[in-house]
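Taken in sequence, the protein lines are chains R and X.
Counting from 5, one number per residue, gives the positions in the first sequence under the numbering used here.
Counting from 1365, one number per residue, gives the positions in the second sequence under the numbering used here.
Positions of the beta carbon are idealized from the N, C-alpha and C atoms, including for glycine.
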Amino acid sequence: KAGVTQTPRYLIKTRGQQVTLSCSPISGHRSVSWYQQTPGQGLQFLFEYFSETQRNKGNFPGRFSGRQFSNSRSEMNVSTLELGDSALYLCASSLAGSDTQYFGPGTRLTVL
Amino acid sequence: EDQVTQSPEALRLQEGESSSLNCSYTVSGLRGLFWYRQDPGKGPEFLFTLYSAGEEKEKERLKATLTKKESFLHITAPKPEDSATYLCAVQGTSGTYKYIFGTGTRLKVLA
């Protein structure tokens, strides 16, 4: 069974631009969560989607948004990029009714 | 406020030298506690899920245990390939977040 896939794996953007990251969950998984990982803050929860609806949202500004499609694939968008948005963005999926999440390899975003 | 604290931050062991990593948590209601392993530049790899105090799970050289306030990841006779960052996460019953992660323990096993 294929794992969680994320595209692109690496991105370089400049301040003020926007970016869209994509996540394809494990087949059959309907819950998708996004996390930001930085050396200083560790892994921080961004948001969770289930059946195209946002279930939870972490403490991030409104520049961070996401959505989920009917096939459970998810995208997150960051607008007006700041230097501090440089991080590894991780997507995780889980089966409905299960609390265990499986992570993808992440997208490394660098903001210059 | 729910939170997770892991100790030590870093640990160096000789091959075969057993040790334990600690994960202390404060959560209004525990729904689950999770252990992951993360190699540099990669996503976290799932290891264990624990749900209730007294529960134990084992996988090869790793054993995870859970009490009402903390979890331990015991590493028996580690090998260099066990070198990684070990992350602990909790999910509470508040429903306002998915996981809260600790900052991890960086383990280095020397041959």
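| Check | Outcome |
| --- | --- |
| Beta strand (DSSP E) segment containing Q9 of chain R, residue limits | Here residue 9 of chain R turns out to be Thr, not Gln, going by the sequence shown. Taken as a continuous stretch (DSSP letters only), the beta strand (DSSP E) holding T9 of chain R covers T9 to T11. |
| C-alpha gap between N81 of chain R and A1475 of chain X, whole angstroms | 44 Å |
| Against chain X: residues of the region 38 to 50 of chain R by CB proximity under 7 Å | G46, L47 and F49 |
| Chain R contact residues for K1406 of chain X, given Cβ-Cβ distances below 7 Å | P109 |
| CB of L1451 of chain X within 7 Å of CB of A1428 of chain X, strictly | no |
| Close-in-space but distant-in-sequence residues of the same chain around A91 of chain R (CB under 7 Å, 5 per side omitted) | Q40, Q41, T42 and L113 |
| Neighbour list for T104 of chain R in chain X, Cβ cutoff strictly below 8 Å | G1396, F1398, F1410 and T1413 |
| Contact set between P1468 of chain X and chain R, taken where Cβ atoms lie within less than 9 Å | In the sequence as displayed, the identity of residue 1468 of chain X is Gly instead of Pro. Ordered by position in chain R, the residues that pass the 9 Å Cβ test against G1468 of chain X are G46 and L47. |
| Helix, strand or coil at G32 of chain R [DSSP, three-state] | coil |
| Chain-order list of residues whose beta-carbon lies under 7 Å from that of V1473 of chain X (same chain, five-residue window excluded) | L1377, E1379, P1442, K1443, P1444, D1446 and S1447 |
| When X:L1411, X:K1432, X:T1457 and X:T1469 are compared against Y1389 of chain X, the one with the closest alpha-carbon | X:K1432 |
| Beta-carbon spacing of Q1402 of chain X, T1369 of chain X below 7 Å | no |
| Partners in chain X for G62 of chain R, counting only beta-carbon separations shorter than 8 Å | Y1461 |
| Beta-bridge partners of K61 of chain R, as assigned by DSSP | R:F51 |
| Short CB-CB distance (under 7 Å) between Q1370 of chain X and chain R | no |
| Limits of the unbroken beta strand (DSSP E) element including K17 of chain R | Y14 to K17 |
| Chain-ordered chain X contacts of L94 of chain R [CB-CB under 7 Å] | G1407 |
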